[in-house]
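Worksheet for the structure shown next.
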Amino acid sequence: MHATQSAQKQQARRAALEQEIAELQKTLGEGENADEIVTRHIKLLHQYNEAKDAAQILIGRLAGHRQTTIRQIHEDYGLSESD
409 MHATQSAQKQ QARRAALEQE IAELQKTLGE GENADEIVTR HIKLLHQYNE
459 AKDAAQILIG RLAGHRQTTI RQIHEDYGLS ESD
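Residue numbering for the sequence shown follows the numbering used here, beginning at 409 and increasing consecutively.
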């Protein structure tokens, strides 16, 4: 009897997971591939980080040229510390 309950619980859990997958796929969109979306987002994040790094280098050089701090440049241009 215990094995039957365990098998029933497993089957119920599997059905619940399959339902969750179906709902997530509906949210994602039919025919959309989650792996492709994640890969695209990672590529975009790399591009963003490269652009941000380049901007920080330029801000650093501008601060050096003006003989001030990077923080002051951020304040001068209305940039937050996280920008």
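Each residue gets a CB set at the ideal place from its N, CA and C atoms; glycine is no exception.
| said: I need the boundaries of the alpha helix (DSSP H) containing Thr-476, first residue and last residue. | reply: Along the sequence shown, one-based indexing puts residue 476 at 68. Here Thr-476 belongs to no alpha helix (DSSP H), and DSSP marks it neither H nor E.
| query | Any Cβ of chain D within less than 8 Å of the Cβ of Gln-416? | reply | In the structure shown, chain D does not exist; there is a single protein chain.
| task | Verify whether the separation of the beta carbon atoms of Ile-445 and Ile-467 is less than 8 Å. | result | By one-based count along the sequence shown, residue 445 stands at place 37. By one-based count along the sequence shown, residue 467 stands at place 59. Their beta carbons are not under 8 Å apart, which means Ile-445 does not touch Ile-467 by this criterion.
| message | Just to confirm my understanding: we take Leu-470, look at its own chain, exclude 5 residues before and 5 after, and list those with CB closer than 7 Å. What are they? | response | The residue labelled residue 470 in the question sits at position 62 within the sequence shown. Correct list, in chain order: Ile-481.
| query | In this structure, does DSSP put Glu-444 in helix, strand or coil? | reply | The residue labelled residue 444 in the question sits at position 36 within the sequence shown. Here Glu-444 sits in helix by DSSP.
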